[in-house]
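Asks: This is the structure, below, for whatever I ask next.
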Amino acid sequence: MSILFSASEVVTMAVEIEKNGMAFYNALAARSKNEKAKELYTFLAAEEVRHKVTFQKLLDGLKKMELTAFEEDEYNNYLGALTSSRIFRSDVNLDDILAEADTDVKAMNLAIDAEKDAILFYYELLGQALSENSKAIEHIIKEEKNHMAKLICLRAELTG
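Dropping the structure here:
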């Protein structure tokens with residue numbers, strides 16, 4: 000049996016990813032004792048808010064677009080791969096994740112993985128998007144890559 004993955008479902012997931020990312024980065028900022036890390040987490044939380052607003056606008060103005068059909072098992076595996084980051088998912092307890100992030104380096108490793116997963120997900124969203132929405136999604140992908148680079152640079156600085 001094939002399942003259609005609607006555009007609104009994909010964009011709704013993007014909104015959730017950004018909302019959960021904001022909560023994650025705000026929690027890291029509150030816990031961090033390193034001033035540079037705290038500043039970066041605060042910046043990233045604000046970026047997630049901006050991205051959430053962008054995706055919400057896309058969702059609100061969404062037009063019908065071509066959908067991709069997947070076999071049920073294929074769909075579940077594919078979607079699972081795209082949304083594998085525990086950090087930006089709403090069905091995972093944030094406190095459990097934060098318990099793993101007992102140092103800034105560990106927190107940055109989790110954040111880097113989450114940013115990679117978000118980039119992969121947004122590339123898939125880009126493939127489904129109408130051309131009028133592509134620029135906004137491309138811009139967010141570019142920003143997510145920048146976030147990952149900032150995290151990698153600060154992690155390198157902290158690990159010396």
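Here numbering that gives the first Met the number 0 is used: the first residue of the sequence shown is 0, the next is one more, and so on.
Backbone N, C-alpha and C fix where the C-beta goes; we use that ideal spot for every residue, glycine too.
Quick caveat: nothing in here was measured; it's all calculated off a predicted structure.
For A20, count the other beta carbons within 10 Å of its own beta carbon; 16 or more makes it buried, fewer makes it exposed. Which is it?
Replies: The sequence given here places Gly at residue 20; Ala does not occur at that position. Classification of G20: buried, given that the 10 Å Cβ count is 16 or more.
Asks: Decide if V52 is buried, meaning its Cβ has at least 16 other Cβ atoms within 10 Å, or exposed.
Replies: exposed
Asks: For a quick check, are the C-beta atoms of L160 and I96 less than 9 Å apart?
Replies: Here the chain has residues from 0 to 159 only, and residue 160 is not among them.
Asks: Taking the alpha-carbon of G60 as reference, which of K144, N33, A148, A135 has the nearest alpha-carbon?
Replies: Closest by alpha carbon: A135.
Asks: CB-CB under 8 Å to Y121, same chain, minus the five flanking residues each way: which ones, in chain order?
Replies: A13, I136, I139, I140, E143
Asks: Alpha carbons only, please: which of A148, R154, T11 is nearest the one belonging to H50?
Replies: T11
Asks: Using only the alpha-carbon positions, how far apart do A29 and K37 sit?
Replies: 7 Å
Asks: Between V9, N33, N25, L57, which lies nearest to V104 when the distance is taken from Cα to Cα?
Replies: Minimum Cα distance to V104 is reached at N33.
Asks: Straight-line CA distance for L57 to L43?
Replies: 21 Å
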